[in-house]
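>
Number of protein chains: 4
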Amino acid sequence: MATVIQIPLQIRFGDIDSYGHVNNVVYLQYLEDARVQLTHTALADAAGAGAEPHHSFYELVGPELFILVGRHEIEYLLPLQFRPTPVFVNIWVTKVGGSSFEFGYSVAEADGGTIYALAATSMVLVNRSTGRPVRLTDAQRHALETWSGDPVPFRRRAAAETALAGAK
Amino acid sequence: MATVIQIPLQIRFGDIDSYGHVNNVVYLQYLEDARVQLTHTALADAAGAGAEPHHSFYELVGPELFILVGRHEIEYLLPLQFRPTPVFVNIWVTKVGGSSFEFGYSVAEADGGTIYALAATSMVLVNRSTGRPVRLTDAQRHALETWSGDPVPFRRRAAAETALAGAK
Amino acid sequence: MATVIQIPLQIRFGDIDSYGHVNNVVYLQYLEDARVQLTHTALADAAGAGAEPHHSFYELVGPELFILVGRHEIEYLLPLQFRPTPVFVNIWVTKVGGSSFEFGYSVAEADGGTIYALAATSMVLVNRSTGRPVRLTDAQRHALETWSGDPVPFRRRAAAETALAGAK
Amino acid sequence: MATVIQIPLQIRFGDIDSYGHVNNVVYLQYLEDARVQLTHTALADAAGAGAEPHHSFYELVGPELFILVGRHEIEYLLPLQFRPTPVFVNIWVTKVGGSSFEFGYSVAEADGGTIYALAATSMVLVNRSTGRPVRLTDAQRHALETWSGDPVPFRRRAAAETALAGAK
Chain R
35 MATVIQIPLQ IRFGDIDSYG HVNNVVYLQY LEDARVQLTH TALADAAGAG
85 AEPHHSFYEL VGPELFILVG RHEIEYLLPL QFRPTPVFVN IWVTKVGGSS
135 FEFGYSVAEA DGGTIYALAA TSMVLVNRST GRPVRLTDAQ RHALETWSGD
185 PVPFRRRAAA ETALAGAK
Chain U
35 MATVIQIPLQ IRFGDIDSYG HVNNVVYLQY LEDARVQLTH TALADAAGAG
85 AEPHHSFYEL VGPELFILVG RHEIEYLLPL QFRPTPVFVN IWVTKVGGSS
135 FEFGYSVAEA DGGTIYALAA TSMVLVNRST GRPVRLTDAQ RHALETWSGD
185 PVPFRRRAAA ETALAGAK
Chain F
35 MATVIQIPLQ IRFGDIDSYG HVNNVVYLQY LEDARVQLTH TALADAAGAG
85 AEPHHSFYEL VGPELFILVG RHEIEYLLPL QFRPTPVFVN IWVTKVGGSS
135 FEFGYSVAEA DGGTIYALAA TSMVLVNRST GRPVRLTDAQ RHALETWSGD
185 PVPFRRRAAA ETALAGAK
Chain B
35 MATVIQIPLQ IRFGDIDSYG HVNNVVYLQY LEDARVQLTH TALADAAGAG
85 AEPHHSFYEL VGPELFILVG RHEIEYLLPL QFRPTPVFVN IWVTKVGGSS
135 FEFGYSVAEA DGGTIYALAA TSMVLVNRST GRPVRLTDAQ RHALETWSGD
185 PVPFRRRAAA ETALAGAK
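Order-wise, the sequence lines are chains R, U, F and B.
Take any residue in the first sequence, count from 1 to its spot, add 34: that is its number in the working numbering.
Take any residue in the second sequence, count from 1 to its spot, add 34: that is its number in the working numbering.
Take any residue in the third sequence, count from 1 to its spot, add 34: that is its number in the working numbering.
Take any residue in the fourth sequence, count from 1 to its spot, add 34: that is its number in the working numbering.
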């Protein structure tokens with residue numbers, strides 16, 4: 035996997051549900067914050083096609099557009115307990131389309147040795163007024179491609195698709 | 035679709051994010067509460083194979099087992115705004131396995147005329163001490179089968195799978 | 035207590051923390067939703083001084099002003115467990131000032147027999163652009179006065195103040 | 035103020051409400067996480083009366099007791115916006131009783147130059163089985179006293195109490 039950004043995220047006491055683990059819903063908030071941290075930080079090496087290293091992806095998008103979530107898929111592999119030290123979200127780009135793109139993630143320990151969840155999100159750029167999709171600019175596309183990596187190694191979906199394929 | 039249970043859910047002011055819509059993460063909480071409302075309510079017509087109508091599915095599972103989420107998939111179709119009246123989650127069962135089963139959902143208006151999101155969840159029954167899967171009992175299976183319905187009519191996944199199939 | 039509005043609120047599974055009770059933070063969200071339900075519902079009997087019964091307090095405030103929270107005080111009296119049926123927030127007004135007012139609340143069973151928490155909030159009306167306080171209109175004041183009731187019967191604060199007074 | 039512990043807290047995108055600021059309810063979660071970070075970290079200099087520096091306050095309390103919130107009081111001074119860098123919660127102890135104690139907090143910039151909120155919490159130690167208060171041990175008391183500082187400089191309450199005192 036070429037380029038993976040690793041975002042440390044504090045676990046909150048309130049993330050833990052009555053089962054004593056990080057609640058399944060909260061993982062989606064971790065993914066959201068990984069996206070937001072990534073897009074609010076200076077592009078640095080991902081700058082190009084007109085964007086400066088000090089720009090953030092969020093600034094490239096600007097106040098007139100929304101980046102909306104179109105779809106999430108998440109697999110839970112291991113329960114995650116409360117601890118005062120952060121957990122890590124690895125985030126990368128798995129696809130860049132005309133006005134949409136996809137993030138892949140793993141929620142894991144810093145060294146990648148333990149993976150708590152794998153996930154994928156489809157994002158779409160839309161105009162705030164009209165709600166209609168807007169094409170990615172070259173600078174946006176350049177940043178997304180710098181962040182691109184392998185498909186998410188989902189375990190359960192792969193099994194399902196193999197089964198489907200076998201049934202044909 | 036044979037049997038769909040419709041659960042009214044209050045939208046909270048805190049569900050609305052800075053974009054002015056129900057945040058994408060919060061939908062997963064709506065799904066969770068639909069599951070919890072369904073499983074904490076008397077089985078009524080879904081009782082059988084030893085369960086009484088006044089039992090809840092939660093009681094059939096008992097305190098020694100967890101019902102864990104293995105996987106979620108969700109598609110966002112329309113933004114949902116704050117309002118003092120509830121939104122509705124339709125919930126049904128799409129698959130029953132040995133120790134696992136799947137829920138399908140739509141987040142929608144009461145009459146089904148407007149659908150905000152479609153989703154699916156894989157659940158697995160595990161022992162709280164060992165963490166190992168536990169087989170569904172006949173009474174649990176009976177209830178789940180009473181609640182069963184059609185596959186979730188995902189729009190984007192369907193397109194992706196068609197593309198995959200075409201590529202073979 | 036003259037006029038108390040009672041708002042049913044659904045408990046969410048995610049409201050429960052690892053102690054097995056509704057988390058202390060979540061009560062503040064219940065108070066927020068009681069305020070929002072009250073202010074987004076038609077004024078009915080609280081209309082007057084120019085407001086129509088079909089108006090909501092929120093409409094009287096309009097899009098150019100914020101109603102901000104200045105201060106909260108909350109006492110927790112009994113733990114609250116998850117259940118599929120709602121808990122009730124009783125909400126009333128304890129004070130109306132020039133550009134501010136105060137809500138009193140109890141989080142309780144419908145019949146008032148069990149009280150889980152008592153709380154008070156100072157609200158202030160401010161201009162969204164300048165952030166400066168804005169005077170309540172006659173119609174707003176009329177509604178707030180219709181909703182007014184006794185001071186919140188805090189138990190621990192009262193003790194503290196008696197102690198303070200005794201120490202003088 | 036003698037001893038103040040400063041806890042950095044990540045702001046989450048989901049903390050921001052439709053007004054574009056950190057929601058008033060979320061501040062209470064920041065206070066909770068400051069308490070939890072403080073009590074889950076090694077005591078270090080606060081060890082004594084039998085506790086070792088590597089122990090945490092949480093370990094001194096043990097699994098048979100709950101530390102419950104009895105009361106919160108919070109004043110909001112300035113709105114707080116989303117940013118990828120943390121905000122800081124300063125936390126200290128303002129009172130130690132027989133089986134209870136009080137925390138004071140400010141939510142602020144690292145240098146204390148900007149204060150977003152001031153708050154206080156009464157905590158009580160109770161037995162998980164009986165729900166009855168349990169006396170603080172010497173080691174717990176020692177740690178709390180090491181963390182002790184000035185009363186919280188509330189602005190609005192002070193005004194109210196002065197008024198009350200004047201009325202006598």
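No residue lacks a Cβ here, since even glycine has one placed at the ideal position from N, Cα and C.
It should be emphasised that the depicted structure is a prediction, and the values quoted were computed from it without experimental measurement.
Checking 8 Å against the spacing of the C-beta atoms, do Met157 of chain R and Phe137 of chain R come in under that value?
Here residue 157 of chain R refers to the residue found at position 123 of the first sequence. Here residue 137 of chain R refers to the residue found at position 103 of the first sequence. Contact flag set, yes.
> Please return the same chain residues whose Cβ sits closer than 7 Å to the Cβ of Phe100 of chain R, not counting the five positions on each side in sequence.
By 1-based counting over the first sequence, the position of residue 100 of chain R is 66. So the qualifying residues of the chain are Val160, Arg162.
> If the cut is a Cβ gap below 7 Å, which residues of chain B does Val59 of chain F touch?
On the third sequence, position 25 is the one that residue 59 of chain F refers to. Per Cβ cutoff of 7 Å: Val59, Leu62, Gln63, Glu66.
> Please state if the CB of Phe122 of chain B and the CB of Glu107 of chain B are separated by a distance shorter than 8 Å.
If you number the fourth sequence from 1, residue 107 of chain B lands on position 73. If you number the fourth sequence from 1, residue 122 of chain B lands on position 88. Contact: no.
> Between the alpha carbons of Leu62 of chain B and Glu93 of chain F, how many angstroms are there, rounded?
Along the fourth sequence, one-based indexing puts residue 62 of chain B at 28. Along the third sequence, one-based indexing puts residue 93 of chain F at 59. Between Leu62 of chain B and Glu93 of chain F, the C-alpha separation is close to 29 Å.
> Roughly how many angstroms lie between the CA atoms of Val60 of chain U and Arg105 of chain R, to the nearest whole one?
For this step, residue 60 of chain U is matched to residue 26 along the second sequence. For this step, residue 105 of chain R is matched to residue 71 along the first sequence. Approximately 14 Å, taken between the alpha carbons.
> Hey, would you say Ala260 of chain F sits closer than 8 Å to Thr171 of chain F, going by beta carbons?
Here chain F has residues from 35 to 202 only, and residue 260 of chain F is not among them.
> In this structure, how does DSSP classify Asn57 of chain R when only helix, strand and coil are distinguished?
Numbered from its first residue, the first sequence carries residue 57 of chain R at position 23. Correct three-state label for Asn57 of chain R: coil.
> Taking C-beta to C-beta, are Ile41 of chain F and Ala68 of chain F nearer than 8 Å?
Numbered from 1 along the third sequence, position 7 holds the residue referred to as residue 41 of chain F. Numbered from 1 along the third sequence, position 34 holds the residue referred to as residue 68 of chain F. Contact: yes.
> Can you give the Cα-Cα distance for Asn58 of chain B and Ser182 of chain F, rounded to whole angstroms?
In the fourth sequence, the residue the question calls residue 58 of chain B occupies position 24. In the third sequence, the residue the question calls residue 182 of chain F occupies position 148. Asn58 of chain B and Ser182 of chain F: Cα-Cα distance of roughly 23 Å.
> Check whether the Cβ of Ile50 of chain B lies closer than 8 Å to any Cβ atom in chain U.
Counted from its first residue, the fourth sequence places residue 50 of chain B at position 16. Chain U contact via Cβ: present.
> Beta-carbon of Gly54 of chain F versus every beta-carbon of chain U: anything under 8 Å?
As a first step, residue 54 of chain F must be located in the third sequence, where it is residue number 20. Output row for Gly54 of chain F: interface = no.
> Kindly list, in the order they appear in chain F, the residues whose Cβ is closer than 7 Å to that of Val186 of chain B.
What you label residue 186 of chain B is simply residue 152 of the fourth sequence in a count that begins at 1. Residues of chain F passing the Cβ test: none, with the nearest at roughly 12 Å.
> Consult DSSP for Phe100 of chain R and reduce its assignment to one of helix, strand or coil.
Here residue 100 of chain R corresponds to residue number 66 of the first sequence, with the count starting at 1. DSSP places Phe100 of chain R in strand when its eight states are reduced to three.
> Are Leu112 of chain B and Tyr64 of chain B close, meaning C-beta to C-beta below 8 Å?
Position 78 of the fourth sequence, counting from 1, holds the residue named residue 112 of chain B. Position 30 of the fourth sequence, counting from 1, holds the residue named residue 64 of chain B. No, the pair does not count as a contact, with Cβ atoms beyond the cut-off.
> Within 10 angstroms of the Cβ of Ala78 of chain B, are there 16 or more other Cβ atoms? Answer buried if so, exposed if not.
Looking up residue 78 of chain B in the fourth sequence gives position 44. Counting Cβ neighbours within 10 Å, Ala78 of chain B comes out exposed, since fewer than 16 surround it.
> According to DSSP, which residues form a beta bridge with Trp126 of chain U?
Taking the second sequence and counting its residues from 1, one reaches residue 126 of chain U at position 92. Beta-bridge partners of Trp126 of chain U (DSSP): U:Gly138.
> Just tell me which of R:Glu98, R:Leu178, R:Gly84, R:Leu72 has its CA closest to the CA of Arg166 of chain R.
Sequence index remark: in the first sequence, residue 166 of chain R carries index 132 (1-based). Among R:Glu98, R:Leu178, R:Gly84, R:Leu72, the Cα nearest to that of Arg166 of chain R is on R:Glu98.
> Suppose the cutoff is 6 Å on Cβ atoms and the five residues either side in sequence are ignored; what does the same chain contact list for Gly54 of chain F look like?
Position 20 of the third sequence, counted from the start, is the residue given in the question as residue 54 of chain F. Closer than 6 Å at Cβ, skipping near neighbours: no residue.
> So the candidates are B:Glu66, B:Ala76, B:Tyr139, B:Ser52; which of them puts its Cα closest to the Cα of Leu152 of chain B?
Taking the first residue of the fourth sequence as 1, we reach residue 152 of chain B at position 118. When only C-alpha atoms are compared, the closest one is B:Tyr139.
> How long is the line joining the alpha carbons of Ser134 of chain F and Leu72 of chain F, rounded to whole angstroms?
Taking the third sequence and counting its residues from 1, one reaches residue 134 of chain F at position 100. Taking the third sequence and counting its residues from 1, one reaches residue 72 of chain F at position 38. Roughly 17 Å separates the two Cα atoms.
> Cβ of Arg190 of chain U less than 8 Å from any chain R Cβ?
As a position in the second sequence, residue 190 of chain U is number 156, starting the count at 1. So yes, Arg190 of chain U belongs to the interface.
> Return the Cβ separation of Glu109 of chain U and Arg175 of chain U in integer angstroms, given the expectation that the two are a contact with Cβ distance under 8 Å.
Within the second sequence, residue 109 of chain U is the residue found at index 75, counting from 1. Within the second sequence, residue 175 of chain U is the residue found at index 141, counting from 1. At roughly 28 Å, the Cβ-Cβ gap does not stay under 8 Å, so Glu109 of chain U and Arg175 of chain U are not in contact.
> Any idea what DSSP makes of Ala83 of chain R, helix, strand or coil?
One-based indexing of the first sequence puts residue 83 of chain R at position 49. Note: Ala83 of chain R maps to coil in three-state DSSP.
> List the DSSP bridge partners of Ile108 of chain R.
Locating residue 108 of chain R in the first sequence gives position 74, where the first residue counts as 1. Bridge partners of Ile108 of chain R: R:Ala153, U:His106.
> Pull up the distance between the alpha-carbon of Leu178 of chain B and that of Phe47 of chain R, whole angstroms please.
By one-based count along the fourth sequence, residue 178 of chain B stands at place 144. By one-based count along the first sequence, residue 47 of chain R stands at place 13. One C-alpha to the other measures close to 21 Å.
> Using a Cβ-Cβ cut-off of 8 Å, state whether Thr75 of chain R counts as contacting chain B.
For this step, residue 75 of chain R is matched to residue 41 along the first sequence. Interface residue, yes.
> Between the stretch 105–119 of chain U and chain R, which residues of the former have a C-beta closer than 7 Å to a C-beta of the latter?
Those residues of the stretch 105–119 of chain U that come within reach of chain R (Cβ to Cβ, closer than 7 Å) are Arg105, His106, Glu107, Ile108, Glu109, Tyr110.
> Between Phe116 of chain U and Thr75 of chain R, what straight-line distance do the alpha-carbon atoms span, to the nearest angstrom?
As a first step, residue 116 of chain U is located in the second sequence; it is residue number 82 there, counting from the start. As a first step, residue 75 of chain R is located in the first sequence; it is residue number 41 there, counting from the start. Rounded to whole angstroms, Phe116 of chain U to Thr75 of chain R spans 30 Å at the Cα level.
> Along chain U, which residues have their Cβ under 9 Å away from the Cβ of Ser133 of chain R?
As a position in the first sequence, residue 133 of chain R is number 99, starting the count at 1. None at all; the shortest Cβ gap to chain U is about 14 Å.
> Could you check the C-alpha separation between Val95 of chain R and Glu66 of chain R for me, to the nearest Å?
Numbered from its first residue, the first sequence carries residue 95 of chain R at position 61. Numbered from its first residue, the first sequence carries residue 66 of chain R at position 32. Cα to Cα, Val95 of chain R sits roughly 17 Å from Glu66 of chain R.
> Using the beta-carbon count (16 or more within 10 Å), is Thr119 of chain R buried or exposed?
The residue given as residue 119 of chain R occupies position 85 in the first sequence. Thr119 of chain R comes out exposed.
> Taking 7 Å as the limit between beta carbons, can you name the residues of its chain near Val168 of chain U, skipping five residues before and five after?
Stepping through the second sequence from its first residue, residue 168 of chain U is reached at position 134. So the list reads Leu99, Ser133, Leu159, Val160, Asn161, once near-sequence residues are dropped.
> Between the alpha carbons of Thr155 of chain B and Ala83 of chain B, how many angstroms are there, rounded?
Translated into the one-based positions of the fourth sequence, residue 155 of chain B becomes position 121. Translated into the one-based positions of the fourth sequence, residue 83 of chain B becomes position 49. Cα-Cα distance, rounded: 25 Å.
> Counting contacts by CB-CB distance shorter than 8 Å, is Ala197 of chain F in contact with chain U?
Stepping through the third sequence from its first residue, residue 197 of chain F is reached at position 163. Annotation note: pLDDT 45 at Ala197 of chain F (below 50); position unreliable, no value reported.
> Using alpha carbons as the reference points, say which of U:Thr128, U:Ser90, U:Asp51, U:Val70 lies closest to Val38 of chain U.
The residue given as residue 38 of chain U occupies position 4 in the second sequence. Checked all of U:Thr128, U:Ser90, U:Asp51, U:Val70; the closest Cα to Val38 of chain U is U:Thr128.
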